[in-house]
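Under this note's numbering, think of the first position of the sequence shown as 195, with each following residue one higher.
In this text, a Cβ means the ideal position worked out from N, Cα and C, and glycines have one as well.
Just so we're clear, the structure is a prediction, and the values are computed from it rather than from any experiment.
Presented below is the structure to which this report refers.
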Amino acid sequence: MNSVQLDGLNAHQKSAIEDGIDNIIADTQYRASISYKFLTGTSYAVETGIQTRTETTDSVSAVRRVVSIEDASRSGGFLQVGDRIYLIRQSDLSLTPTKNDQITDSDAYEVIKVEGNILSTFWEITARRL
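Below, the structure is given as structure tokens:
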């Protein structure tokens, strides 16, 4: 997804864009139901040598797109074919997403990039299969 520049738009235009994205998320053709796992902490047990993640999970709807060969080649090596890009309403998530969080969407994916764009009401999250 390309970042959208919204400077100069009035409130009505921004609202129309937001409503359009809401409609896409509501459309079952584009919507994916996912589990978003926030990494909220880690602990390390010295006696066992095991590191444990502490997580908070939200179940949300998102628009999902799979990265194509063309997308990967245009990314300068950052994206890989099969990476996924999710568009999620910021209000649907209980915490701010960060790198290393995880998304479960038929398989497990690790978040590699988070951008808060599109009217500052949606997250654009790039994730790679674990």
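Contact annotation: D301 and F232 have beta-carbon atoms that are not nearer than 9 Å. Nearest to S262 by C-alpha distance, out of G276, T251 and E249, is G276.
G214 sits in a helix when the DSSP states are folded into three classes.
Assigned with DSSP and collapsed to three states, S237 falls in strand. For T298, same chain residues with a beta-carbon under 6 Å away, outside a window of 5 residues either side, are S229 in chain order. The three-state secondary structure of T246, taken from DSSP, is strand.
In this chain, D265 is not harboured by any beta strand (DSSP E); it is covered by the alpha helix (DSSP H) spanning I263 to R268. Comparing alpha-carbon positions, the option among Q274, S285, E318 and F272 lying closest to T292 turns out to be E318. Positions of the alpha helix (DSSP H) runs, each at least 4 residues long and wholly inside the segment 268 to 299, cannot be given because no such run exists. A direct Cα-to-Cα measurement between H206 and S237 gives close to 47 Å. Between the alpha carbons of Y303 and V240 lies a distance of about 28 Å.
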